[in-house]
Amino acid sequence: MELSLTKMLIYALNIGIIYLIYRWLLYKPVHKFLAAREERFIARDEALTSGQSEVSSMKKEYKRLIGDVDEKRAEIIEDARRKGLRQEREIVERAEQEADLIRQKARREMEEERRIAQQNMEAEAVSLAVDIASKVLEREVSLEDNRRVIDDYLERLNRHD
């Protein structure tokens, strides 16, 4: 098999013609296919990027909402604590007022009982004085009898105090 220049030119020409035919027949469809494929990849990439940014923004929103919830929770707890302290103060104040009223009532009752006891003692002292005077008048009074009657009277008074 000899290689001649004409055969080589014919082969080269055949290759060129086949190249041009394939290019003319296949270039546009293959180029179209590759361009469509590239567009699909770009669209998917954009969708993923968009999805990632959407996920990122949703994540930020959720974090903000969680922060708001934490803040609201802390506010509710603080409000409940303040209300509890206020109720505690009110209860203590009412208890102190009631205790003051009870003390005042007890003092009034003690004063009344003391006054009644004083009146009873005075009435008894008058009664004893009348009894002593009647006993003294019934008999002859000597200095010794007088002292004994007075001592007896004072002893009775001391027993009642």
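Using this note's numbering, you'd call the opening residue of the sequence shown number 3 and step up by one each time. From the three backbone atoms N, C-alpha and C, an ideal C-beta is built for every residue, glycine too.
query                                                                                      : result
Cβ separation of A127 and L159, assumed to be a contact under 8 Å, to the nearest whole Å  : 7 Å
C-alpha distance - N69 paired with R75, whole-angstrom precision                           : Reading off the sequence shown, one finds Gly at residue 69, where the question assumed Asn. Near 10 Å, if we compare the C-alpha coordinates of R75 and G69.
DSSP three-state assignment for L11, whether helix, strand or coil                         : helix
Assigned secondary structure, S6 (DSSP; H/G/I helix, E/B strand, else coil)                : coil
R84 versus E73 - alpha carbon distance                                                     : 16 Å
Alpha carbon of G190 to alpha carbon of L27, nearest angstrom                              : With the chain running from 3 to 163 in the structure shown, residue 190 is simply not present.
I152 versus E115 - alpha carbon distance                                                   : 28 Å
4 or more residues per run - each alpha helix (DSSP H) lying fully within the stretch 3-73 : 7-24
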